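Going by this note's numbering, the letters in the sequence shown line up with residues 2 to 97, in that order. Think of the CB as a built atom: it goes at the ideal place given N, C-alpha and C, for glycine as much as any other residue. Small disclaimer: the values here were computed from a predicted structure and weren't measured. Heads up: the structure comes next, in structure tokens.
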Amino acid sequence: MIGAGSVLASLLSWLPAIVVLSQHKLMVFGIAGVSLLVAGFVLQQSSRMPCSLDPALARRCRQRLSQGRKLYALSCTAFMIGGFYAFILPILQQSA
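Take a look at the structure:
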């Protein structure tokens, strides 16, 4: 962890808004969570829609749906990891 303080200082000098985001993390995670719920609903609705009758377009449609599901799963995973580090880990560290 040598140099972590200087890395954090450099990061804060380049992006001072990170401090504001960390002060309002409940609101940031709330908005992100609602956005993920809406995106999941839209993804679910779009997966029920039929793809084109043209074989090439139908293949591309299925590929895009698959990519969308994978990206959504990755986004949800990142959200859960971030929520763990932002909310759960500090409580675990206080009790230890």
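Item to check | Secondary structure of L54, DSSP reduced to three states | outcome: The residue you call residue 54 lines up with position 53 of the sequence shown. In this structure, L54 counts as coil in the three-state DSSP scheme.
Next on the checklist: Which residue wins for smallest C-alpha separation from S67, given the options L27, Q45, S7?
Outcome noted: On the sequence shown, position 66 is the one that residue 67 refers to. Ranking L27, Q45, S7 by CA distance to the CA of S67 puts Q45 first.
Item to check | Which of helix, strand or coil DSSP assigns to K4 | outcome: Numbered from 1 along the sequence shown, position 3 holds the residue referred to as residue 4. Before going on, a small fix: residue 4 reads as Gly here, not Lys. Annotated three-state conformation of G4 is coil, per DSSP.
Next on the checklist: With a threshold of 8 Å, are at least 3 pairs of Cβ atoms found where one atom belongs to the segment 34 to 44 and the other to the segment 58 to 78?
Outcome noted: By the Cβ rule, the segment 34 to 44 counts as touching the segment 58 to 78, because three or more pairs are nearer than 8 Å.
Next on the checklist: Alpha carbons only, please: which of S96, A5, G31, M50 is nearest the one belonging to G84?
Outcome noted: Indexing the sequence shown from 1 puts residue 84 at position 83. When S96, A5, G31, M50 are compared, the shortest CA-CA separation from G84 is found for G31.
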